[in-house]
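Single-structure report; data block below.
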Amino acid sequence: MKDKIKVPEILAPAGSMESLKAAVAAGCDAIYIGGSRFGARAYADNPEKDEMLSAIEYCHLHGVKIYMTVNTLLKDREMDELYPFLKPYYEAGLDAVIVQDIGVLKNIHEWFPDIEIHASTQMTLTMGVSDKLLKKYGVTRMVPARELSMEELVQMRKDTSLEMEVFVHGALCYCYSGQCLFSSMLGGRSGNRGRCAQPCRQQYLVDGKKCGIGEYVLSPMELSNLPYIAEMIECGIDSFKIEGRMKRPEYTAFVTAMFRKYTDLYVELGKDGYRDYIKTNRAEFENDICHLKEIYNRGGFTQGYLEGRSGVPLEKKKYDSGVMLSAKRPKHGGVLVGKVISVGKGSLRYKLDKDIYPQDVVEFCDKNMRQEYEYTVGTHLKAGMQVEARFKKGSRIFAGDEVYRTKKAVLLDDIREKYIDKEKKVIITGKFEAHKGENAVLQVILKDIVYSVSGDVCQNALKNPADEKSVKKSIMQTGNTEFEFSTLDVTMDDGLFIPVGMLKKMRREALDGLKKKILEKHRRSVMPCDEGEKVKEYLTGESEKELGKTTEYIVSVMNMEQLSAVLDFKDKNITKIYLRTEILDDNEINHAIDEIHKNKKKAFIMMPQIFRKNVWERESAVLTGKDSSYLEKCDGFVIKNFEEYTFLTEKCMISSEKIVCDAQMYVMNKSAYDFWKENGITKFTMPFELTEYEMDGIAKKAGCEFILYTHIPLMVSAQCVRYNTKKCAFSEKKGINEKIILTDRKSREFMAINYCKYCYNIIYQKTPLYLKEYEDKLKDKGISKFRYDFTFESIEEVKTVLSGKYNGIYDEGHITNGVE
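Residue 6 is where the sequence shown starts when you use the numbering used here, and the numbers rise one by one after that.
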């Protein structure tokens with residue numbers, strides 16, 4: 006059976022060495038961990054250099070792979086630190102790096118060609134069609150967006166030969182990973198650089214009111230795809246990835262153990278046998294799910310994305326609003342254990358539905374899941390009992406309020422005892438031989454690795470000859486070493502004198518030698534550019550500068566009214582107009598291109614923010630079908646993701662010279678520019694997270710465009726504010742592309758729009774970015790192309806902005822204040 010089943014890797018998170026060891030003890034196949042730099046969990050207890058090297062050794066001794074997260078965006082001045090940072094880990098045998106930044110991707114492949122590269126979920130990969138592009142740069146695995154349905158994962162598996170690593174458990178972001186600027190723009194803590202402040206877990210008013218489903222309208226439930234483990238194995242997923250580098254070791258250990266358990270069950274029992282087992286052992290499965298909830302959950306668990314409940318384009322919704330949100334509580338919700346039956350002065354009575362144990366923590370919550378009071382239980386209390394408890398003065402607790410356990414001490418103690426308090430040993434076997442007149446020999450064996458040492462020449466004993474039992478006892482006492490013998494075969498002549506000191510010395514030398522041999526299998530030598538010649542070349546290389554060029558202005562529009570306002574405006578050298586397609590239909594796009602050409606300007610199509618399977622199919626029919634009328638007459642395309650590059654260049658046979666990378670493609674450094682240049686694209690948009698000084702290296706590139714005005718898209722989400730708080734506009738055919746105002750606790754307002762054509766929601770900064778006063782400075786840096794992006798502006802607002810007379814409240818983004 007095992008030969009017929011592709012067994013997925015269990016990939017566990019490690020935010021600390023304690024979590025790493027807990028995951029190894031719980032049976033993971035691989036670990037992912039951040040180093041002291043460049044990882045997307047900057048606030049985890051990430052190891053420094055020596056500890057990271059120890060982590061690599063520890064994993065390899067236990068037969069576990071270790072991947073390092075290098076999945077943040079790097080500025081040019083940071084790129085020189087990447088080579089010396091990674092070099093010792095590469096040499097030590099680090100198995101793979103997880104990467105978001107395409108400049109980092111290009112450099113790692115060039116500097117460290119033998120290491121595997123995994124394309125991070127931060128790349129927002131929603132299809133498998135771009136694998137040829139990624140393979141050129143050493144990518145062996147992709148981590149798809151967490152928003153994909155089971156159907157989309159099946160199709161992705163067919164489309165790519167790359168390994169697929171899929172998130173199966175843990176926290177969900179409200180936003181597509183890699184498409185979030187919310188934390189960055191509000192407080193300078195960039196999610197793209199591992200410092201997200203989690204604005205999605207905060208309270209918001211919806212159109213000025215508290216929402217009926219709860220105030221945390223951007224807070225998803227916790228993911229747990231354990232119920233779909235069979236389907237994912239059958240799909241051919243290569244790696245089951247557990248989220249949680251910020252969570253405690255008990256969490257890491259238990260979640261790892263559960264996915265180990267049920268993956269192994271499937272492998273042992275097979276397709277039908279596994280499903281029969283789950284049916285006949287439903288109580289066991291439900292108990293394991295309950296224990297997972299005890300460890301951590303937000304409003305329970307969801308498998309909603311896998312089931313296609315949110316964000317699947319062009320499909321009507323059949324589910325209740327807010328089905329994937331934990332809108333009443335953004336943190337651990339615990340497990341319901343009882344209900345308050347009466348409340349007196351300073352005390353209450355509640356009835357238990359489940360047993361609770363000493364040191365458990367229970368809390369009392371109102372109907373909105375607000376915690377009113379919590380306390381630690383002192384004794385074992387059984388289900389069915391009525392319990393009296395005192396509560397703090399001022400707590401608003403009423404009959405009917407629910408009682409939740411947020412800490413199950415006995416479960417945590419059990420996990421610590423099994424996986425944390427006692428460090429896992431490397432299990433080996435051994436052979437010892439001793440014959441008269443010959444050197445004693447000890448072999449220690451780990452799978453196919455054998456290490457042998459010789460002792461002294463064996464002689465007959467004058468008294469107290471050695472026996473097999475005493476020899477085994479001396480050799481098998483491995484003490485504080487990493488190893489433990491499962492068996493030791495002893496072959497020896499009778500009557501020999503075998504000193505205990507010799508046996509201990511042989512054991513020590515054998516184990517040291519075995520350890521060294523295991524680690525040597527993973528070690529690498531650096532390539533000839535060991536001293537960093539390529540790094541120096543990167544840092545000192547000159548950038549081309551576009552000189553003597555006339556300043557050009559580019560405008561993007563969302564609707565026909567904005568287009569008419571732009572075409573009527575004659576005071577600027579507007580050379581190109583970008584047509585956003587979220588609202589415009591195909592006939593409008595055709596007409597718009599004709600109008601733009603009549604006014605002697607170029608017309609570009611701005612592709613969707615997200616390009617999933619159904620959108621690919623729709624756009625294929627539109628752009629490559631018999632009735633396609635604007636593919637050929639369009640002057641170019643603006644892309645926002647890898648799928649669109651592949652779609653245009655391979656499906657539509659568009660020359661890459663006609664393609665512009667938008668700001669969401671994150672050309673943050675010169676290497677990122679070189680990546681796209683090698684693939685035929687020299688036109689790109691300056692990302693939002695660079696200051697005027699940090700952009701120097703790429704500002705001089707001839708194809709650089711700079712956005713002077715826009716409402717910054719803070720989040721692009723498969724979740725929909727309208728759908729979650731009201732009903733699905735696409736199904737109702739009412740409220741499509743509706744604007745909803747979100748207001749946070751500091752009275753800051755944001756605009757959420759549901760673009761039903763592609764089934765994604767964009768949350769914009771309501772206050773526009775306006776950088777007109779920096780235009781001359783930017784020209785001095787070499788930038789000659791400036792862009793105005795319009796979203797929900799009226800005709801008059803468009804004209805006011807273009808004329809330079811905008812005098813409303815505006816934001817300057819990160820032009821002077823950079824991100825952490």
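Every residue, glycine too, gets a C-beta built ideally from N, C-alpha and C.
Proximal residues to residue i (C-beta, below 8 Å), its chain only, five neighbours per side dropped
i, result
"M563", "R585, E587, I588, L589, F795, T796 and F797"
"G818", "M190, F693, I717, L774 and L776"
"D701", "D81 and K786"
Helix, strand or coil at residue i according to DSSP, with G and I counted as helix
i, result
"Y179", "coil"
"S41", "coil"
"S548", "The predicted position of S548 is uncertain, since its pLDDT is 47 and thus under 50; no value can be drawn from it."
"R146", "strand"
"S634", "coil"
"V392", "strand"
"Q448", "strand"
"R421", "helix"
"E825", "coil"
"P254", "helix"
"H716", "coil"
"R410", "strand"
"I15", "strand"
"K7", "The pLDDT assigned to K7 is 46, lower than 50, so where the model puts this residue is not dependable, and the model offers no usable value."
"Q364", "coil"
"A31", "coil"
"F290", "helix"
"L79", "coil"
"S459", "strand"
"C205", "helix"
"N766", "strand"
"A626", "helix"
"C761", "coil"
Nearest-angstrom beta carbon gap, residue j and residue i [assumed within contact, 8 Å]
i, j, result
"M329", "M226", "6 Å"
"G518", "V458", "7 Å"
"A704", "T687", "Their Cβ separation, rounded to whole angstroms, is 14 Å, which puts A704 and T687 out of contact at 8 Å."
"S154", "L311", "6 Å"
"N684", "L138", "7 Å"
Close beta carbons around residue i, own chain, < 6 Å, minus the five adjacent residues each side
i, result
"I242", "P13, M169 and V171"
"Q669", "K645"
"Y424", "A27, A30, A31 and A258"
"Q160", "K618"
"E710", "T690, K790 and R792"
"I610", "L584, C639 and F642"
"C185", "G196 and M720"
"A332", "I218, G219, Y221 and V222"
"C240", "L158, V159 and R162"
Test item: CB-CB of residue i and residue j under 8 Å
i, j, result
"A27", "A176", "no"
"E487", "K430", "yes"
"S808", "D576", "yes"
"I712", "T696", "no"
"V134", "T651", "yes"
"S491", "I432", "yes"
"E248", "P18", "yes"
"E825", "R198", "yes"
"A439", "M481", "no"
Any non-hydrogen atom of the ligand COA within 7 Å of residue i CB
i, result
"Q127", "No copy of the ligand COA occurs in the structure displayed, which carries no ligand at all."
Residues near residue i in its chain [Cβ-Cβ closer than 7 Å; skip 5 each side]
i, result
"G500", "N465, A466 and P470"
"P232", "Q308"
"A570", "I800, V803 and K804"
Any chain B beta carbon closer than 8 Å to residue i
i, result
"Q567", "No chain B is present in this structure, which holds just one protein chain."
Using 8 Å as the cut-off, can you tell me whether the stretch 655-666 makes contact with the stretch 165-183, which would need three or more C-beta pairs spanning the two stretches below that distance? no
At a cut of 8 Å, does the stretch 117-127 reach the stretch 141-153 through at least three beta carbon pairs? yes
Using a Cβ distance threshold of 8 Å, determine whether the stretch 332-341 contacts the stretch 779-792, with at least three qualifying pairs required. no
Does the stretch 289-308 touch the stretch 217-234, meaning 3 or more C-beta pairs lie closer than 8 Å? yes
Would you call the stretch 312-320 and the stretch 757-768 in contact, with 3 or more CB pairs under 8 Å? yes
At a cut of 8 Å, does the stretch 70-88 reach the stretch 466-484 through at least three beta carbon pairs? no
Meets three-Cβ-pair contact criterion under 8 Å: the stretch 351-367 and the stretch 397-410: yes
Cβ contact check for the stretch 595-608 and the stretch 619-627: 3 or more pairs under 8 Å: no
Three CB pairs or more closer than 8 Å across the stretch 64-81 and the stretch 104-120: yes
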